[in-house]
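Asks:
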Amino acid sequence: MNEKPRSATTKDRLVAAAYELFEERGFDATTAEDIARRAGVGRTTFFRAFGSKDDVIFPEHDQLLGRIDERLAAATPATRALALSEATRVVLRHYLDEGELARARYRLVGSVPALRARETGGIQQYQRLFARWLREWMSDLPDGHLRADLLAADLVTAHNYVLRRWLRGQTSDPESEFDQAMRVALERYQPSGLEPSSAVVVLRTSATPAAIQAQLQPLLDSEEP
Numbered sequence: 009m010n011e012k013p014r015s016a017t018t019k020d021r022l023v024a025a026a027y028e029l030f031e032e033r034g035f036d037a038t039t040a041e042d043i044a045r046r047a048g049v050g051r052t053t054f055f056r057a058f059g060s061k062d063d064v065i066f067p068e069h070d071q072l073l074g075r076i077d078e079r080l081a082a083a084t085p086a087t088r089a090l091a092l093s094e095a096t097r098v099v100l101r102h103y104l105d106e107g108e109l110a111r112a113r114y115r116l117v118g119s120v121p122a123l124r125a126r127e128t129g130g131i132q133q134y135q136r137l138f139a140r141w142l143r144e145w146m147s148d149l150p151d152g153h154l155r156a157d158l159l160a161a162d163l164v165t166a167h168n169y170v171l172r173r174w175l176r177g178q179t180s181d182p183e184s185e186f187d188q189a190m191r192v193a194l195e196r197y198q199p200s201g202l203e204p205s206s207a208v209v210v211l212r213t214s215a216t217p218a219a220i221q222a223q224l225q226p227l228l229d230s231e232e233p
């Protein structure tokens, strides 16, 4: 049975109205009152949904931070590398699910300096959250805090690299590119003093047995005499 499409909420209507007006008039020339009027609601309703006009552009940021924090909090020592990959993927999939809205935001943020500054601040929040958990996990390692901060930066950079390629239409398979980006980033994560020859394998929890075998087979073949 096919799921019924989710009906548009008031927040959805406000976001859609905002982007229509930003396209027509520009961000600076659009007011919160304009957005509310276009969405067919009152000014009070707008401010119940969003604290400011800027919040329309980044409405899910705090929720995404919360989801990342929850995923990392649930990790065990044996699953931390997987948790890092999955927590980072939470953000990527959010934007992929948004589709054209994410691309419209990308164009808008690129044209408004104040929004670029807010986006940069948001990226730094993601990085600080990863660093907080990694510092705890890597506290017993030599230079553990340095390693943690470097890996946090690597994770965010890897995510942003793939996301921006998708936003620019430069990749049709961002999930696979993300898998590879995570493998590169997680090579720095060696919480148990892994040998230099150890391999980091990033697997999606939804992967089929055949897909898992396909990823592991080259490593198994390389171990043959």
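Using this note's numbering, the letters of the sequence shown map in sequence onto residues 9 to 233.
C-beta atoms are modelled at their ideal positions from N, C-alpha and C, and glycine is treated no differently.
1. Measuring only the C-alpha atoms, how far is K61 from T39?
2. At the level of alpha carbons, what is the spacing between V49 and E68?
3. Among the residues of its own chain, which have a CB less than 7 Å from the CB of A166, if the five just before and after it don't count?
4. Helix or strand or just coil, what does DSSP make of K61?
5. In the structure shown, what three-state DSSP assignment does L202 receive?
6. Within 10 angstroms of the Cβ of S93, are there 16 or more other Cβ atoms? Answer buried if so, exposed if not.
7. Would a C-beta distance cut-off of 8 Å place A160 and F138 closer than the cut-off?
8. Between the C-alpha atoms of D181 and R136, what's the straight-line distance to the nearest angstrom?
9. Taking only the alpha-carbon atoms, compute the straight-line gap between M146 and I43 and give it to the nearest angstrom.
10. Mapping the DSSP letters down to three states, classify L116 as helix, strand or coil.
11. Quick check: the Cα distance between A122 and L116, rounded to an integer number of angstroms?
12. What would DSSP say about R176, mapped onto helix, strand or coil?
13. May I have the straight-line CA-CA distance separating L90 from Y134, to the nearest angstrom?
14. Do you know offhand how far L202's Cα is from I65's?
15. I'd like the list of long-range same chain contacts for A57, defined as Cβ closer than 8 Å, with 5 residues on each side in sequence excluded.
16. Which residue marks the beginning of the alpha helix (DSSP H) containing S184, and which one marks its end?
17. Pull up the distance between the alpha-carbon of L171 and that of E183, whole angstroms please.
18. Does DSSP classify S147 as helix, strand or coil?
19. Can you tell me whether A83 is helix, strand or coil according to DSSP?
20. So is T96 buried or exposed if we call it buried at 16+ other beta carbons inside 10 Å?
Replies: Result, derived from the coordinates:
1. In the sequence shown, the residue the question calls residue 61 occupies position 53. In the sequence shown, the residue the question calls residue 39 occupies position 31. Distance between K61 and T39, taken at the CA atoms: about 7 Å.
2. In the sequence shown, residue 49 corresponds to position 41, counting from 1. In the sequence shown, residue 68 corresponds to position 60, counting from 1. Their Cα atoms are separated by approximately 21 Å.
3. Mapped onto the sequence shown, residue 166 falls at position 158. Counting only Cβ-Cβ distances below 7 Å, and skipping sequence neighbours, we find A189, M190, V192 and A193.
4. Residue numbering aside, residue 61 sits at position 53 when the sequence shown is read from its first letter. Note: K61 maps to coil in three-state DSSP.
5. Here residue 202 corresponds to residue number 194 of the sequence shown, with the count starting at 1. For L202, the predicted structure reports a pLDDT of 32, less than 50, and the residue's modelled location is therefore unreliable. A value from the coordinates is still provided. In this structure, L202 counts as coil in the three-state DSSP scheme.
6. One-based indexing of the sequence shown puts residue 93 at position 85. Buried.
7. As a working note, residue 160 is residue 152 in the sequence shown. As a working note, residue 138 is residue 130 in the sequence shown. Result yes, Cβ atoms of A160 and F138 sit closer than 8 Å.
8. By 1-based counting over the sequence shown, the position of residue 181 is 173. By 1-based counting over the sequence shown, the position of residue 136 is 128. Straight-line Cα distance between these residues: approximately 28 Å.
9. Numbered from its first residue, the sequence shown carries residue 146 at position 138. Numbered from its first residue, the sequence shown carries residue 43 at position 35. As the crow flies, the alpha-carbon of M146 is around 47 Å from that of I43.
10. Along the sequence shown, one-based indexing puts residue 116 at 108. In the structure shown, L116 sits in a helix (DSSP, three-state: H, G or I).
11. Residue 122 sits at position 114 when you count from the first residue of the sequence shown. Residue 116 sits at position 108 when you count from the first residue of the sequence shown. Those two C-alpha atoms are separated by around 11 Å.
12. What you label residue 176 is simply residue 168 of the sequence shown in a count that begins at 1. Correct three-state label for R176: coil.
13. The count along the sequence shown starts at 1 and reaches residue 90 at position 82. The count along the sequence shown starts at 1 and reaches residue 134 at position 126. Between the alpha carbons of L90 and Y134 lies a distance of about 17 Å.
14. Taking the sequence shown and counting its residues from 1, the one referred to as residue 202 is at position 194. Taking the sequence shown and counting its residues from 1, the one referred to as residue 65 is at position 57. The predicted model places L202 with a pLDDT of 32, which falls under 50 and marks its position as unreliable, so this point remains unresolved.
15. In the sequence shown, counting from the first residue as 1, residue 57 sits at position 49. T18, K19 and L22, listed in sequence order.
16. Reading the sequence shown from its first residue, position 176 is the one you call residue 184. Start and end: P182 to L194.
17. Residue 171 sits at position 163 when you count from the first residue of the sequence shown. Residue 183 sits at position 175 when you count from the first residue of the sequence shown. Approximately 10 Å between the Cα atoms of the pair.
18. Counting from 1 along the sequence shown, the entry for residue 147 is found at position 139. Coil at S147, not helix or strand.
19. Counting from one through the sequence shown, the residue named residue 83 turns up at place 75. Coil, per DSSP.
20. Within the sequence shown, numbered from 1, the residue matching residue 96 stands at position 88. Residue environment analysis places T96 among the buried positions, since at least 16 neighbouring C-beta atoms fall within 10 angstroms of its C-beta.
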